[in-house]
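Numbering (this note's numbering), first residue to last: 26 to 451.
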């Protein structure tokens, strides 16, 4: 009974267009009050407790770092550097989107932020150069998926806090899968461009590469500082987030000088709003997951999976299907908070590495961002371009196909995720 109330209420509230955090919290609150006869004060207590963690302090600092860098002229410099590397090839601007997406992901920690930043700067330019606008929107949406895979990733911070897995190791584990995804999407762009006759822009010039690299060097240094500081024993992942925020402010104000003191109130407000949304979603999802745990859903699901298979690889494939579906419906951080306590114990019982399972989960949810019918990145580019979702979906299918192939390879060859953490991690 309680499961029908929780899930039915969640879908009903979500269908009204309410934010995901409201849908999670409201459905859980109704179940607590009407079915479990638990005082509603528990709602506030559980939501507060879920975010009252030292690890979660990293979220607002990483959001702030991304906001400082975005407003400080970083996006334009990253696009310029990406253009110098691949702009002269066939479909150069589409390749620029893919490469710049990987660069910007190392700053923003969010797929939606990566999609919005790159899309705002590139879609009109691609259209002027003869690219079909539907295709340009699809390229940008696909390029944004690596935003939560390449570190620093907000979703990885959430998983690390929930699963008690090293956030620094999660960051290291995301490098190769994120690069793998980005490069494979660039290959798809190249072959589509060759077929449709989209030409490159400019010519390959070593001096131009050096010049554009110098311009964005300080931006590209941020992930190096974060990872290097963590594994050099200089600071914890949470402290690294604070360092990243200070570094982003310094770069914007004194190096690039495109961030002004008068901009700070708006930047701080934007970061605060984004952080509040994420934390509210995490709180609502934790409450939702707590009810599922009390209803013994994890235990039942574990028993169900063990009746289906005792093979870890088959289990992972089933989890992939589940996560791809869930990723189309709800925010990645919410999905992690709800599903990690349910799925991770089953994975551990099968001998699956929790670090691998976490990064694989994030990759799944990233792909869900462009999986129809309700992938988040599809809605972001649709809002930017005013193109209907179905048109963007049609053009994004080749990218979705290659990302699914990437996921299969990552699932089967687990060292793609684990080799760097094992080499450099603790």
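Where is the CB? At the ideal position from N, CA and C, for every residue including glycine.
So what's residue i in DSSP terms, helix, strand or just coil?
i	result
residue 418	helix
residue 113	coil
residue 97	coil
residue 424	helix
residue 61	coil
residue 135	coil
residue 228	coil
residue 223	coil
residue 435	helix
residue 42	coil
residue 413	coil
residue 87	helix
residue 79	coil
residue 251	helix
residue 143	helix
residue 258	coil
State the Cα-Cα distance for the pair residue i and residue j, rounded to the nearest angstrom.
i	j	result
residue 129	residue 280	18 Å
residue 220	residue 226	17 Å
residue 188	residue 384	12 Å
residue 360	residue 232	45 Å
residue 272	residue 443	29 Å
residue 397	residue 186	29 Å
residue 37	residue 93	38 Å
residue 340	residue 392	19 Å
residue 218	residue 265	40 Å
residue 352	residue 387	9 Å
residue 411	residue 138	18 Å
residue 390	residue 350	9 Å
residue 403	residue 286	34 Å
residue 418	residue 394	11 Å
residue 432	residue 62	43 Å
residue 409	residue 164	13 Å
residue 292	residue 282	15 Å
residue 132	residue 82	17 Å
residue 318	residue 370	12 Å
residue 41	residue 87	31 Å
residue 405	residue 321	36 Å
residue 223	residue 170	23 Å
Residue range of the alpha helix (DSSP H) that residue i falls in?
i	result
residue 179	179 to 188
residue 46	45 to 55
residue 446	440 to 449
residue 74	66 to 76
The ligand COA and residue i: does any heavy atom of the ligand fall closer than 6 Å to the residue's C-beta?
i	result
residue 235	The ligand COA is absent from the structure shown, which contains no ligands of any kind.
What are the start and end residues of each continuous alpha helix (DSSP H) run of 4 or more residues lying completely inside the region 269 to 321, in chain order? 289 to 319
For the region 317 to 400, which segments carrying the alpha helix (DSSP H) assignment without a break, of at least 4 residues, lie completely within its bounds, in sequence order? 322 to 333, 337 to 354, 357 to 374 and 379 to 393
At which residue ranges does the region 146 to 220 contain complete beta strand (DSSP E) runs of 3 or more residues, listed in the order of the chain? none
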